[in-house]
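Undergrad: Numbering (our numbering), first residue to last: 4 to 162. Yeah, the Cβ is synthetic: ideal placement off N, Cα and C, and Gly gets one too.
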């Protein structure tokens, strides 16, 4: 089981580290690529074909501005694609709208602007449907999250 993280520019690296962090926490193998739907479309298609031939289960795709990358990826593969709108201009609203407004039959699941960690979590939930070990890790994660939240509030909240 493997996940691909693809984003369009080296400048997006810091934002996309959240997805990698999440996948590492759940012990999910991933590979990352900087590819552009506009600058290197042939390399993007070549990479997607290779990923489909391997044990890749989902793709997390980050993009800013017109944010075509997640949609182009979704049009070229049947793997689930989770889009991460990246704040580059217009506070990221341009990227958000571009990713979330995909045409009928070519969906891209979309998370909040710059929230690649949640993209990783969504992929974890998808994988938990098929892989019992991921499901168990997700259940444990949620239980631990609740315990930590309660513990943080039991000590009182100072403003």
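Which whole-angstrom value is the C-beta distance of residue 70 and residue 37, which I expect to be below 8 Å?
TA: Position 67 of the chain shown, counted from the first residue, corresponds to residue 70. Position 34 of the chain shown, counted from the first residue, corresponds to residue 37. Incorrect: roughly 15 Å between the Cβ atoms, too far for contact.
Undergrad: Could you pull the start and end residues of the alpha helix (DSSP H) that residue 56 belongs to?
TA: Against the chain shown, residue 56 aligns to sequence position 53. First-last of the alpha helix (DSSP H) with residue 56: 44 to 56.
Undergrad: Which residue wins for smallest C-alpha separation from residue 47, given the options 66, 76, 68?
TA: Taking the first residue of the chain shown as position 1, residue 47 is located at position 44. Checked all of 66, 76, 68; the closest Cα to residue 47 is 76.
Undergrad: Contact defined as beta carbons within less than 8 Å: I believe residue 10 pairs with residue 64. What is the distance between those atoms, to the nearest angstrom?
TA: Residue 10 sits at position 7 when you count from the first residue of the chain shown. Residue 64 sits at position 61 when you count from the first residue of the chain shown. So it is a contact: roughly 7 Å between Cβ atoms.
Undergrad: Within a Cβ cutoff of 7 Å, which residues of the same chain sit near residue 57, ignoring the five residues on either side of it in sequence?
TA: On the chain shown, residue 57 is found 54 positions in, with the first residue counted as 1. Same-chain partners within the cutoff: 5.
Undergrad: Ignoring anything shorter than 4 residues or poking outside the segment 82 to 126, list the alpha helix (DSSP H) runs there in chain order.
TA: 96 to 103
Undergrad: Run the CB neighbour count on residue 87, radius 10 Å, all protein chains shown included, and call it buried at 16 or more, exposed below.
TA: Start at 1 with the first residue of the chain shown, and residue 87 comes out as number 84. Answer is buried; the Cβ neighbour count reaches 16.
Undergrad: At what residues does the alpha helix (DSSP H) containing residue 24 begin and finish?
TA: Residue mapping note: residue 24 aligns to position 21 of the chain shown, counting from 1. Where residue 24 is concerned, the enclosing alpha helix (DSSP H) stretches over 16 to 28.
Undergrad: Rounded to a whole number of angstroms, what is the C-alpha to C-alpha distance between residue 17 and residue 43?
TA: The sequence position of residue 17 within the chain shown is 14, counting from 1. The sequence position of residue 43 within the chain shown is 40, counting from 1. The straight-line gap separating the alpha-carbon atoms of residue 17 and residue 43 is approximately 21 Å.
Undergrad: How is the beta strand (DSSP E) around residue 62 delimited, first residue to last?
TA: Locating residue 62 in the chain shown gives position 59, counting from the first residue. Looking at the DSSP string, the run of the beta strand (DSSP E) that includes residue 62 is 59 to 67.
Undergrad: Looking at residue 89: is its Cβ nearer than 7 Å to the Cβ of residue 98?
TA: As a working note, residue 89 is residue 86 in the chain shown. As a working note, residue 98 is residue 95 in the chain shown. Result yes, Cβ atoms of residue 89 and residue 98 sit closer than 7 Å.
Undergrad: Can you tell which of 159, 120, 152 has the C-alpha that lies nearest to the C-alpha of residue 24?
TA: Here residue 24 refers to the residue found at position 21 when the chain shown is read from its first residue. Comparing Cα positions, the closest option is 120.
Undergrad: I'd like to check one pair, residue 126 with residue 141: are the Cβ atoms closer than 7 Å?
TA: As a working note, residue 141 is residue 138 in the chain shown. As a working note, residue 126 is residue 123 in the chain shown. Not a contact, by the Cβ cut-off of 7 Å.
Undergrad: Would you list the residues sitting across from residue 5 in a DSSP beta bridge?
TA: One-based indexing of the chain shown puts residue 5 at position 2. Beta-bridge pairing links residue 5 to 32, 59.
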